[in-house]
Structures are given as C-alpha cells and as structure tokens.
Amino acid sequence: MPLVVQGYGEVVAALVPVLNGLPPCVIAIDGRDGVGKTTLGRYLAWHFNISLIETDLFLNRHQGWLDYREEEIARLIRARIDRSRPVVVDGVCLLALLRRLGVAPDFTVYVRAKQEEADDRADVFEFASYERDFTPRAKADLVVTLDHKEWLRGLQSR
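Take a look at the structure:
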C-alpha cells in the first residue's frame, strides 16, 4: 500500500458515489503547475483501478507552453467512454483543454498546494488568465489542498 498524502482520502470519499459501478465518466484534475495533480491522479487510478490520462505527456515540446496533441487526448478519452469505463484526466488549464475537445467532465477536482510558491515564469501569467476566464476553483466539485512536504517528511522518517 502506498503512503497516502493527506487530502487523498477526501478525494476518494467524494469519488466513491461518482465511480460506484465504474460508469463511463470523466474525472478532471485541474490546478497550477507542480501542485500534485498527476500524483493524485496516479493514486486515484490505482485506488479505483481505472485509467489516467496525463495530459503533460501529450505536450508538443518547444511549441509553446500548452500546445497539446489534442486529437490523441480526445481519442483516448473517447476510447474509455466507448468501453463504458471511467477515466481520470489531469492537467494545467484543463477546463480549457476539455472545452476544446468537446468533453464535459462529470466531476472536477481542483488541487492547491499548501505552500504555493511565488513564481514569475511566463506560464504563471497564462494560468492567471485561465483562472480569470474559466474560474476552475469555483467550478470544481471539490477543492483539495495537498501538503507534499509533510508527506515527504513522513516518508523520510520511515
């Protein structure tokens, strides 16, 4: 059994009724870069024995900050839904990507880090624009704050 970050239990509890019987649905995990979306997504995929699509793996490198191979992501989402299976999708600015793909998430988790660090990268400006236009935190079914530093301290003390 993996070490579980505090906050994961809250997400699992919220998803149990949504994933009861493993219906075809899209679980979206949104949040800023580096807050733990993919780690949470991997845990949920393991816990519920469902698929995870890590959108970062579909970035066109050196083409701009969030330039995805969108057709591939859409194909994978459709394949899971067509097989009547749920799928978790994680990524930065995820609601914008899903809108472009014509996918409406059935449940959205917005992830925050307990210690969000100040950042002056250009992508932070793009994310601020996304937050203003899409209000992902307000639209989320669940907002969870994760503390990976505390989790790492627990891991080191084992």
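So for the sequence shown, our numbering puts the first residue at 195; every next one is plus one.
Cβ atoms here follow ideal geometry from the backbone N, Cα and C, with glycine treated the same way.
Bear in mind the structure is a predicted one, so any value in this text is a computation, not a measurement.
Same chain, Cβ closer than 6 Å to residue i, neighbours up to 5 away in sequence not counted
i, result
"aspartate 227", "Val286"
"threonine 232", "Glu248 and Asp284"
"phenylalanine 364", "A query on residue 364 cannot be resolved here, the shown segment of the chain reaching from 195 to 352 and no further."
Residue i burial status per 10 Å Cβ neighbour count (16 or more: buried)
i, result
"leucine 203", "The sequence as given places glycine at residue 203; leucine does not occur at that position. Exposed, because fewer than 16 other Cβ atoms sit within 10 Å of the Cβ of glycine 203."
"proline 217", "exposed"
"alanine 322", "exposed"
"alanine 298", "exposed"
"valine 198", "exposed"
"alanine 316", "With a pLDDT of only 43 at alanine 316, under 50, the local geometry of the prediction cannot be trusted, and no value is derived from it."
Close-in-space but distant-in-sequence residues of the same chain around residue i (CB under 8 Å, 5 per side omitted)
i, result
"leucine 291", "Thr249, Leu260, Tyr262, Glu264, Ile267 and Gly285"
"arginine 279", "Leu216, Pro218, Ile244 and Ser245"
"arginine 294", "Glu264"
"asparagine 254", "Asp261, Tyr262 and Arg263"
Beta carbon proximity, residue i to chain D, threshold 7 Å
i, result
"tyrosine 304", "You won't find chain D in this structure, because it holds only one protein chain."
Supposed contact pair residue j and residue i - C-beta distance, whole angstroms, cut 8 Å
i, j, result
"histidine 241", "valine 206", "6 Å"
"glycine 230", "alanine 307", "7 Å"
"alanine 208", "leucine 336", "5 Å"
Contacts around residue i, its chain only, beta-carbon distance under 7 Å, and the 5 residues preceding and following it disregarded
i, result
"tyrosine 324", "Cys287 and Ala290"
"glycine 152", "As shown, the chain starts at 195 and ends at 352. That puts residue 152 outside it, with no answer to give."
Residue i beta carbon near the ligand GTP (any heavy atom closer than 6 Å)
i, result
"proline 330", "This structure simply doesn't include the ligand GTP, nor any ligand for that matter."
Is the segment 326-340 touching the segment 253-269 in the sense that three or more CB pairs, one from each, lie closer than 8 Å?
-> As far as the Cβ criterion goes, the segment 253-269 does not touch the segment 326-340, which means the pair count is below three.
Using 8 Å as the Cβ pair cut-off and three pairs as the minimum, do the segment 214-222 and the segment 294-307 touch?
-> The segment 214-222 makes contact with the segment 294-307, as at least three CB pairs between them are under 8 Å.
Does the segment 259-273 touch the segment 205-212, meaning 3 or more C-beta pairs lie closer than 8 Å?
-> Touching, no, given that fewer than three Cβ pairs across the two stretches are closer than 8 Å.
In chain order, each alpha helix (DSSP H) run of at least 4 residues that lies wholly inside the segment 250-315 = List check, alpha helix (DSSP H) in window: 264-276 and 288-295.
Can you check the segment 197-222 for any alpha helix (DSSP H) of at least 4 residues that lies completely inside it and give the ranges in chain order?
-> Qualifying alpha helix (DSSP H) stretches, in chain order: 202-213.
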